[in-house]
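All remarks here apply to the structure that follows.
Residue numbers (our numbering), protein chains in the order written: chain R, 326 to 566; chain G, 20 to 383.
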């Protein structure tokens with residue numbers, strides 16, 4: 326099995342706080358990987374390091390066998406990393422269609438017209454077609470989450486980074502979203518999914534990496550990881566390992 | 020070029036669609052706009068000279084506001100140093116017209132290149148600064164340019180220069196030519212912004228306006244987009260400065276490099292509406308009406324302008340056009356794209372639109 330995305334020995338501190346402390350993870354081609362950890366464990370920072378929002382103090386990010394640690398953010402997107410934001414960041418005063426169009430045109434380095442087809446397909450897949458001409462800023466939460474997913478997909482990524490995409494949704498909405506992500510996984514996308522809603526994660530991912538205080542805690546089979554003493558102690562308190 | 024992605028290999032899942040740009044309203048706006056521009060172009064042949072000269076001021080302010088809005092409203096470059104390029108354009112007219120001997124009407128555009136030549140090396144320096152620091156930085160650059168120019172003997176030092184090449188033109192030619200050039204610059208700057216926003220680049224700029232972090236994560240090269248806008252704005256501001264100098268015939272460093280230029284533009288854009296083409300247009304008309312009716316009150320006039328700005332910022336933070344657009348959902352310039360599904364599922368109804376730019380059949 327080939328590794329598509331790999332971080333080795335990542336370090337990142339903000340001021341005196343070591344947010345990421347020697348963090349390593351691997352994502353295999355076609356794999357769905359879950360990431361869990363308490364608030365402040367550094368999950369979103371990990372995504373920010375992978376996508377180039379921040380540069381790590383030390384360590385490397387490898388994507389498709391290539392060192393992308395120093396690559397500008399937009400080039401990582403073009404290389405094939407699609408990302409959804411935990412707090413949706415729509416282009417508020419553009420329409421849903423135009424939001425997706427920006428990603429399809431720039432994320433794939435294509436002309437506007439050559440990107441229309443991709444946009445419609447993405448909108449269909451994320452069930453947003455009937456809202457294509459609405460202002461993105463006027464969408465309710467579920468649709469904003471869908472739009473985040475649509476924009477990440479529009480860039481034609483090899484790897485999808487999903488940051489708490491199920492957070493804040495109702496139980497029914499979460500079920501629908503699980504279905505969509507399962508479909509994407511079946512299509513062959515490699516997925517890294519940060520999520521607090523454990524049952525959603527367990528329904529999709531094949532492996533879980535648990536992190537705490539920016540460090541690798543434990544990883545392996547999803548159920549084993551969630552039941553492990555380390556994760557239990559980390560979430561519920563008790564004797565730290 | 021493979022446009023068939025892997026998420027929908029089954030083409031039957033994608034409905035037939037087309038993307039429309041303009042509607043009937045926009046066609047009407049186009050006709051009215053052409054009529055207004057033609058009417059304005061005839062002014063020098065029937066109106067008094069003072070009217071033509073006043074209109075030149077209006078046109079230059081309108082163009083300046085469009086450029087400032089492009090910078091601040093779209094690219095997020097809140098420059099308070101555009102007077103650097105206005106002043107350089109003014110001196111450029113003198114340099115190219117008087118010293119190099121080019122016809123002043125042509126020198127106006129060459130003066131824009133001079134402003135551009137200064138703006139480009141400044142960009143990598145100034146783009147390292149963010150937010151308020153960027154704004155202050157642009158102002159510092161403008162002050163440096165002003166100080167340098169006012170301390171060079173050849174450019175007339177602090178007392179400035181008279182544009183002799185323009186002053187020697189026959190008065191009718193000069194007044195008419197200046198007027199038409201100013202009109203051209205105003206209409207040209209609106210069209211420039213319009214076509215820019217309609218293009219693929221405009222897609223990126225609008226995305227940057229709304230959220231530059233997400234834009235960059237979507238593959239948009241934010242630095243390059245900003246640099247492009249910076250260069251365009253510097254060139255046009257240079258041309259504007261040259262037109263102003265052509266109108267006044269006299270260039271003084273204190274006036275040419277005055278921060279008031281940017282203050283006017285800022286005021287116009289803030290009351291008209293940030294991040295729209297319509298905003299600076301409406302703002303310029305309102306500002307000019309205020310200027311004409313309140314200027315007799317002296318210092319009180321500045322106070323009144325300030326009050327208007329404060330009221331607008333509290334009541335309608337997105338300006339007059341922002342309010343209108345939200346309330347009635349209208350746009351005079353068709354810069355957006357509408358996706359129309361040809362065979363819609365029963366629960367949706369596409370709105371009527373004309374001038375379809377693209378039709379795509381999905382039966383591949």
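Glycine is no exception: its CB is placed at the ideal position from the N, C-alpha and C atoms.
Residue ranges of each alpha helix (DSSP H) within the region 142-187 of chain G, 4 or longer: Every alpha helix (DSSP H) stretch that sits fully inside the region 142-187 of chain G and reaches 4 residues is listed by chain position as 150-169, 183-186.
Check this for me: beta carbons of residue 236(G) and residue 552(R), under 7 Å apart or not? Residue 236(G) is not a Cβ neighbour of residue 552(R), given a cutoff of 7 Å.
Within the region 355-391 of chain R, note down every full alpha helix (DSSP H) run reaching 4 residues or more, in order along the chain. 368-376
What residues match up with residue 332(R) in a beta bridge as DSSP calls it? 350(R), 386(R)
Using a C-beta to C-beta distance shorter than 7 Å, which residues of chain C count as neighbours of residue 102(G)? Structure shown: chain C not included; protein chains present are R and G.
Inspect the CB distances between the region 183-199 of chain G and the region 66-82 of chain G and report whether three or more fall short of 8 Å. yes
Using the DSSP secondary-structure output, state which residues sit across from residue 358(G) in a beta bridge. Its beta-bridge partners are 38(G).
Of the listed residues 349(G), 347(G), 324(G), nearest to residue 307(G) (C-alpha basis): 324(G)
On the criterion of 16 or more Cβ atoms from any shown chain inside 10 Å, does residue 63(G) qualify as buried, or is it exposed? Within 10 angstroms of the beta-carbon of residue 63(G) lie 16 or more other beta-carbons, which makes it buried.
Once DSSP output is grouped into helix, strand and coil, what is the label at residue 342(R)? strand
Does the beta-carbon of residue 422(R) have 16 or more other beta-carbons within 10 angstroms, so that it is buried, or is it exposed? It is buried - the Cβ of residue 422(R) has at least 16 other Cβ atoms within 10 Å.
Residue 452(R): which of 537(R), 476(R), 433(R) sits nearest, CA to CA? 476(R)
Whether or not the region 413-430 of chain R and the region 544-562 of chain R are in contact is what I'm after, with contact meaning three or more pairs of Cβ atoms, one per stretch, closer than 8 Å; do they touch? no
Among 313(G), 229(G), 260(G), 218(G), which has the Cα closest to the Cα of residue 438(R)? 218(G)
Starting from residue 407(R), trace the beta strand (DSSP E) in both directions and tell me its first and last residue. Run containing residue 407(R): 406-408, per the beta strand (DSSP E) assignment.
Which one of 350(G), 123(G), 291(G) has the shortest CA to CA distance from residue 189(G)? 123(G)
At a CB distance below 7 Å, what residues from the region 477-492 of chain R approach chain G? Give them in sequence order. 478, 480, 481
Neighbour list for residue 379(R) in chain G, Cβ cutoff strictly below 8 Å: Under the 8 Å cutoff, chain G gives no residues; its nearest Cβ is about 12 Å from residue 379(R).
Any idea which residues DSSP pairs residue 487(R) with across the strands? 518(R)
For residue 335(R) versus residue 348(R), is the C-beta spacing smaller than 7 Å? yes
On a CA-only basis, which of 314(G), 121(G), 137(G), 162(G) is nearest residue 252(G)? Give me that one, please. 137(G)
Can you check whether the C-beta of residue 222(G) is within less than 7 Å of a C-beta belonging to chain R? yes
Alpha carbon of residue 215(G) to alpha carbon of residue 363(R), nearest angstrom: Straight-line Cα distance between these residues: approximately 46 Å.
How far does the alpha helix (DSSP H) with residue 258(G) in it reach, from first residue to last? 241-267
Quick check on the DSSP output: the beta strand (DSSP E) that includes residue 535(R) runs from which residue to which? 532-537
Got a sec? Which residues, its chain only, sit under 6 Å from residue 82(G) by beta carbon, not counting five neighbours each side? 204, 205, 208, 259
Identify, in the order they occur along the chain, each residue of the same chain with its Cβ nearer than 7 Å to the Cβ of residue 107(G), setting aside the five sequence neighbours on each side. The beta carbon of residue 107(G) lies closer than 7 Å to those of 133, 134, 137, 164, 257, 260 in the same chain, with the five residues before and after it left out.
Measuring CA to CA, which of 389(R), 390(R), 434(R), 342(R) is closest to residue 399(R)? 434(R)
Return the CA-CA distance between residue 154(G) and residue 147(G), expressed in angstroms with no decimal places. 12 Å
Would you report the Cα separation of residue 42(G) and residue 353(G), rounded to the nearest angstrom? 8 Å
Quick check: the region 528-546 of chain R against the region 353-373 of chain R, are there 3 or more CB pairs under 8 Å? yes
Can you tell me where the alpha helix (DSSP H) holding residue 193(G) begins and where it ends? 190-217
Identify the continuous alpha helix (DSSP H) that holds residue 476(R) and give its terminal residues. For residue 476(R), the uninterrupted alpha helix (DSSP H) run begins and ends at 466-479, by DSSP.
If we cut at 7 Å on Cβ distances, does residue 170(G) have a partner in chain R? no
To be precise: take each residue of the region 433-447 of chain R, compare its Cβ to all Cβ atoms of chain G, and keep it if any distance is under 9 Å. Which residues remain? 433, 434, 435, 436, 437, 438, 439, 440, 441, 442, 443, 444, 445, 446, 447
List, in order along the chain, the chain G residues whose C-beta lies closer than 8 Å to that of residue 552(R)? Under the 8 Å cutoff, chain G gives no residues; its nearest Cβ is about 35 Å from residue 552(R).
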